[in-house]
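Chemist: What follows is a structure written as structure tokens; I'll ask about it next.
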Amino acid sequence: MLRLYDMVTGRTEPIVPPASRVLLMHVHGGEADGRPARLDELRPLLLADLVRRMGERRRLRVLAFHDVEPPRDDILALNVRPQEHPAPAGADVRIDLHVGPAGSPAPRNGSPGRWALTGRVGLPEEPDAAYLSDVSAAGLDPVAVRHAFLAHGYRPPIELTWAVLREADETLRRWRRRVAEWAESPSRPIDTDRAAPVQRALDDDLDTPLALRLLAELGDDESVPPGSRFETFLHFDHILGLDLPADIGRI
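Residue numbering for the sequence shown follows the numbering used here, beginning at 1 and increasing consecutively.
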């Protein structure tokens, strides 16, 4: 089961009790409210999306609601599922997990549920380069922003310089090409020995930097059949949300 660092207890804790089959998640900090979201405002939305994907893989029913409706075009471009559930009625409803941005009011000891906050985000150097539309205008895939966040994890601060975004875009395109090439080979089962440490990294406070490094090592390991690398990459793309099959049939 996924464990996240809880700002209240200062420990890495399971997001729900072991017997629970439902995760109720409240996403805070929805400042966009009808306007495009800045890149820094997208980080908690991505964290909530990763939690949803992880929970659903473990057969949890994930019910997420936001302070305000996130900008639909932005979250779709980032492969984040739109809000589906209204805020629950009643003051006695227990929230399992609160997700918010850096600078959110510090939760107090005894606050119900877990509290997971994302780290600070520094925006690209140019003052007008603060939105996904600016990333697209520079010829980069918007999903490169998602990859850049994943490569740093959700808690450490990150500077989204143009160099960071271009590197993320290059890695994303390279992985998509390799997945498309592997798709031409006979299918083979997932490499369970290589997949297990990736899953452990994701379960342990969403250590996406380690998960990406392990996948990169697998991708470069020519001793593993291409069909197995293909299936393993697609298995984890259901969580990472990088559209890795995007180039299949195009090369």
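C-beta atoms are modelled at their ideal positions from N, C-alpha and C, and glycine is treated no differently.
Predicted model, so just to flag it, every value in this text is computed and none were measured.
What's the gap between the Cα of V62 and the Cα of L206?
Modeler: Translated into the one-based positions of the sequence shown, residue 62 becomes position 62. Translated into the one-based positions of the sequence shown, residue 206 becomes position 206. Answer to the nearest angstrom: the Cα atoms are 17 Å apart.
Chemist: Less than 8 Å between the beta carbons of R53 and I239, yes or no?
Modeler: Within the sequence shown, numbered from 1, the residue matching residue 53 stands at position 53. Within the sequence shown, numbered from 1, the residue matching residue 239 stands at position 239. Yes, the Cβ-Cβ distance between R53 and I239 is below 8 Å.
Chemist: Considering only residues of the same chain and omitting the five flanking positions on each side of R72, which have a CB-CB separation below 7 Å?
Modeler: Position 72 of the sequence shown, counted from the start, is the residue given in the question as residue 72. So the list reads P82, once near-sequence residues are dropped.
Chemist: For a minimum of 4 consecutive residues, which ranges assigned as the alpha helix (DSSP H) are wholly contained in the segment 99 to 181?
Modeler: 132 to 137, 143 to 152
Chemist: Can you tell me whether DSSP reads A258 as helix, strand or coil?
Modeler: Nothing in the structure corresponds to residue 258, since the chain is present only between 1 and 251.
Chemist: Where S228 and L242 are concerned, what is the direct C-alpha to C-alpha distance, given to the nearest angstrom?
Modeler: By 1-based counting over the sequence shown, the position of residue 228 is 228. By 1-based counting over the sequence shown, the position of residue 242 is 242. Taking C-alpha positions only, S228 is separated from L242 by approximately 19 Å.
Chemist: Answer yes or no: do T161 and R43 have a C-beta to C-beta separation smaller than 8 Å?
Modeler: Numbered from its first residue, the sequence shown carries residue 161 at position 161. Numbered from its first residue, the sequence shown carries residue 43 at position 43. No, these two residues do not count as a Cβ contact at 8 Å.
Chemist: If you follow the alpha helix (DSSP H) that P245 is in, where does it begin and where does it stop?
Modeler: Indexing the sequence shown from 1 puts residue 245 at position 245. It is not in any alpha helix (DSSP H) - P245 carries neither H nor E in the DSSP assignment.
Chemist: Determine the burial state of A216: buried for a count of at least 16 other Cβ atoms within 10 Å of its Cβ, exposed for fewer.
Modeler: Counting from 1 along the sequence shown, the entry for residue 216 is found at position 216. Classification for A216: exposed.
Chemist: What residue range is occupied by the uninterrupted beta strand (DSSP E) comprising D207?
Modeler: Looking up residue 207 in the sequence shown gives position 207. Note, D207: premise wrong, no beta strand (DSSP E); not H, not E.
Chemist: Is there contact between the segment 147 to 164 and the segment 182 to 201, where contact requires at least three CB pairs shorter than 8 Å?
Modeler: At 8 Å Cβ cutoff, the stretches do not touch.
Chemist: Mind checking which residues open and close the beta strand (DSSP E) that includes D221?
Modeler: As a working note, residue 221 is residue 221 in the sequence shown. No beta strand (DSSP E) holds D221; DSSP gives it neither H nor E.
Chemist: Looking at the secondary structure, which residues open and close the beta strand (DSSP E) in which R72 lies?
Modeler: Counting from one through the sequence shown, the residue named residue 72 turns up at place 72. Careful: R72 lies outside any beta strand (DSSP E), inside the alpha helix (DSSP H) at 72 to 77.
Chemist: Would DSSP call T192 helix, strand or coil?
Modeler: Counting from one through the sequence shown, the residue named residue 192 turns up at place 192. Helix, per DSSP.
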